[in-house]
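A.B. asks: Residues in the sequence shown are numbered consecutively from 1, following UniProt numbering. The beta-carbon is built from N, C-alpha and C at its ideal position, and this holds for glycine as well.
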Amino acid sequence: MPRVSAPKSRISSPLRRPARLLRRPARLPRRPGRSRDGGHSAVLSGPHAVELAGLLHELSARLLGAPSFDAAIERLVAFLAATVPGTVRCSVTLIGEGGPPTRTANGPRGESLDTIAYESSTGPGLDAARSHALTVADDLTADARWPHLAEPAATAGIAAVVAVPLDVPRAEVGAVSVYLDRPGTPGPDVLVTAMALVNQAEVLLGELRRRDETSTHATVDRAIGVIIAQRGCSVREAHDVLGETAQRLGLDRQAVADRLIAAAARKA
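1. For Ala257, name the three-state secondary structure that DSSP assigns.
2. Short of 8 Å in beta carbon distance, which residues of its chain neighbour Arg266, apart from the five on each side in sequence? Order them along the chain.
3. Under the DSSP definition of a beta bridge, which residues are partnered with Leu166?
4. Considering only the beta carbon of each residue, do Ala128 and Asn106 sit closer than 7 Å?
5. Using 7 Å as the threshold, is the C-beta distance between Ala257 and Thr219 below it?
6. Relative to the C-alpha of Val162, which candidate in Leu52, Cys233 and Ala137 has its C-alpha closest?
7. For the beta strand (DSSP E) containing Leu94, list its first residue and its last residue.
8. Could you check the C-alpha separation between Val178 and Ser60 for me, to the nearest Å?
9. How would you write the range of the alpha helix (DSSP H) that Thr135 sits in, first residue to last?
10. Identify every residue that forms a DSSP beta bridge with Thr115.
11. I'd like to know whether the C-beta atoms of Leu180 and Ala153 end up nearer to each other than 7 Å.
12. In three-state terms, what does DSSP make of Thr185?
13. Apart from the five residues just before and just after Leu260, which ones in its own chain have a Cβ nearer than 6 Å to its Cβ?
14. At what residue ranges does the UniProt domain "ANTAR" (204 to 261) contain a whole run of the alpha helix (DSSP H), taking only runs of 4 or more?
15. Determine the extent of the beta strand (DSSP E) in which Arg103 is found, giving its start and end residues.
16. Note down the Cα distance separating Gly123 from Leu149, rounded to an integer number of angstroms.
17. Could you give the distance in angstroms between the alpha-carbon of Gly54 and the alpha-carbon of Ala246?
18. Would you mind working out which of His132, Gly157, Ala156 and Gly125 sits nearest Arg145, comparing C-alpha positions?
19. Mapping the DSSP letters down to three states, classify Ala159 as helix, strand or coil.
20. State the beta-bridge partners of Leu180 as determined by DSSP.
21. Can you tell which of Glu213, Leu113 and Val192 has its C-alpha closest to the C-alpha of Arg253?
22. Could you check how far apart the C-beta atoms of Phe69 and Leu166 are, in whole angstroms? I think they sit under 8 Å.
23. Hey, could you find the ends of the alpha helix (DSSP H) Pro124 is sitting in?
24. Just verifying my parser: in three-state terms, what is the DSSP assignment at Ser60?
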């Protein structure tokens, strides 16, 4: 693995795509870190390389089996929270065009960290999303970049954070933030594990977004056909009817199309 040179509190490097997936192996023991005096250190180590391949396979199966893009995001944060050693919270930030950031999280503590970061528009996850660079803090309670997060981090018992950029093709840019319960720069194994899993998720989420968009277009097309059959109007006029109905009801076109198709099916 190439060496990364960076300040203790921040590491920025381009992300690399994970290797070809392998069939998931049995769980292997984690490799503990060693301190200078020969004893076990507090630095957390990630999974064995063969186990990491298995985790990539498992993540792929879980995300591709999700019924929707949003459900896949929820599965992603749950998987990372349970997989990356020392994680007490995992959150995803996504920034789309023309709208506020959206977030999804999993973990028993640290919700206030995400809330304060969004209110102030700055934090590890938002900074990683904007810079497209891996962002690491070895002690949130004393990091000069985000002094507003020091008190809530101490209260929640959260020490370090790893924020990995997450860009969904043709949709959103964002980041995955992994909050850890021990201070100190995460070991290279932990960084590689988080980066590999997020990079794999990035590819899968792009496919899921494409699948959702295809499904939405198909539903709208079916609804347009129903309107044309009921009113005897043109395709353009049917699109106008659907849009006006959605605006009047305060719903999106997909929701109105779903209702229209369901109503037509009941009448049939």
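C.D. replies: Taking the structure as given:
1. In the three-state reduction of the DSSP assignment, Ala257 falls in the helix class, which pools H, G and I.
2. So the list is empty, once near-sequence residues are dropped.
3. Looking at the DSSP assignment, Leu166 forms a beta bridge with Gly174.
4. It is not a contact, given that the beta carbons lie outside the stated cut-off.
5. Yes, these two residues count as a Cβ contact at 7 Å.
6. Closest option to Val162, Cα to Cα, is Ala137.
7. Bounds of the beta strand (DSSP E) holding Leu94 are Thr87 to Ile95.
8. The straight-line gap from Cα to Cα measures roughly 19 Å.
9. Careful: Thr135 lies outside any alpha helix (DSSP H), inside the beta strand (DSSP E) at Thr135 to Ala137.
10. DSSP lists no bridge partner for Thr115.
11. No; because the gap between Cβ atoms is not below 7 Å, this pair is not in contact.
12. Correct three-state label for Thr185: coil.
13. Here the set comprises Ala223 and Val226.
14. DSSP assignment within the UniProt domain "ANTAR" (204 to 261) yields the following whole alpha helix (DSSP H) runs of 4 residues or more, N-terminal first: 235 to 249.
15. Start and end: Thr102 to Asn106.
16. Rounded to whole angstroms, Gly123 to Leu149 spans 8 Å at the Cα level.
17. About 45 Å.
18. The shortest CA-to-CA distance from Arg145 to any of His132, Gly157, Ala156 and Gly125 is the one to Gly125.
19. Three-state DSSP puts Ala159 in coil, outside helix and strand.
20. In the DSSP output, where bridge partners are listed per residue, Leu180 has Thr87 and Ala160.
21. Residue Glu213 is the option with its Cα nearest to Arg253.
22. About 13 Å separates the two Cβ atoms, so there is no contact after all.
23. Counted as a single uninterrupted DSSP element, the alpha helix (DSSP H) harbouring Pro124 occupies residues Pro124 to Ser131.
24. In this structure, Ser60 counts as helix in the three-state DSSP scheme.
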